[in-house]
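The opening residue of the sequence shown carries number 96 in my numbering; numbering runs sequentially from there.
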Amino acid sequence: MKGLLILAATVFAGAAQALDVDDIAAKNAEAKGGLAKLHAITTLKRQGKLLIQGGQYRLEYVEMQKRGGMIRDEATLQGLTVIQANDGKEGWQVNPFQGRKSAERTPPDDNKGLIEDADIEGPLVDYKTKHYQLEDAGTEDVDGTPALKLKLTRPGGDITYLYLDPDHFLEIRSVSLRSEHGVPVEMQTDYGDYEQVAGVYFPFSIVSGKKGSSDTQVIEFDKGEANLDIKDAKFHFPAPGVIVGPVSETEP
């Protein structure tokens, strides 16, 4: 029996070692729905709630993504809407909670997290085309799961560690290490409750915050739509004098 156990362990270890980073990236794409369905998605809109300060505040939340690195997030509370957006070239925001009702451009370093979130299918899909470097970083425990750990380096030098469920090859955590205004920032994001939108699995539960901090924000999506006709203007910095409001329920 002992010999059989040793043999089984050896076979399992060999199977694990046989998966290189390209194999894992391919399995990740397959688990999400396959490259054909992933590439067919041109826009993605998800709606739900944003919970902050331990759930003390619940904001209506909308996120829109479009190919070309475009993203727009809206969080509404008591009739006031915070907007953060990037059109693939520059970022901007509207924050009425700070007494500013007009749009303001944001510095490139403030947009790094938003730019990462703009990637519809996630960083592993077509990672070479995106000019990312990918390395095997072994395994690491994530809340009791021996997750596969990958090190992804972006062209600017920022690093993201990706943790994948070993059975389903979907992301369950990411840890981003980036420099913002010369200061190192480490952000942790946990993903769960994967749901299908247009045949592709996306996380509908996202918990994020600075690593080691209890001050996290929780996004709980309850609706997802793909390939809506979302105009590029929604992501571009608005024209002077234009008061920017939230996207209505009847408007993509």
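C-beta: ideal position from N, C-alpha, C; glycine also.
- A straight-line Cα-Cα distance of about 43 Å links Pro202 and Ala113.
- Around the beta carbon of Pro298, 16 or more other beta carbons lie within 10 angstroms, which makes this residue buried.
- The beta strand (DSSP E) runs of length 3 or more contained entirely in the stretch 242-293 are, from start to end of the chain, 254-259, 266-275 and 278-292.
- Judged by pairs of C-beta atoms under 8 Å, the stretch 253-268 touches the stretch 231-238, as three or more such pairs exist.
- Using a Cβ distance threshold of 9 Å, Ile215 and Leu133 count as a contacting pair.
- In this structure, Leu229 and Ala120 form a Cβ contact; the two beta carbons are roughly 7 Å apart against a cut-off of 8 Å.
- Measuring C-alpha to C-alpha distances from Met165 to each of Thr171, Gly150, Glu185 and Gly239 identifies Glu185 as the nearest.
- Separation of Asn190 and Ala328 (C-alpha to C-alpha, rounded to the nearest whole angstrom) is 19 Å.
- By the 16-neighbour rule on beta-carbons within 10 angstroms, Ala198 is buried.
- Annotation note: the stretch 147-221 contains the following uninterrupted alpha helix (DSSP H) runs of length 4 or greater, listed N- to C-terminal: 207-212.
- If you draw a 10 Å sphere on the C-beta of Glu169, you find 16 or more other C-beta atoms in it, and that means buried.
- Looking at the backbone, the Cα of Asn206 and that of Val278 are separated by about 14 Å.
- Around the beta-carbon of Leu247, 16 or more other beta-carbon atoms lie within 10 Å, marking it buried.
- A Cβ-Cβ distance of about 7 Å is found for the pair Phe330 and Asn181, placing them in contact under the 8 Å criterion.
- Assigned with DSSP and collapsed to three states, Ala334 falls in coil, not helix or strand.
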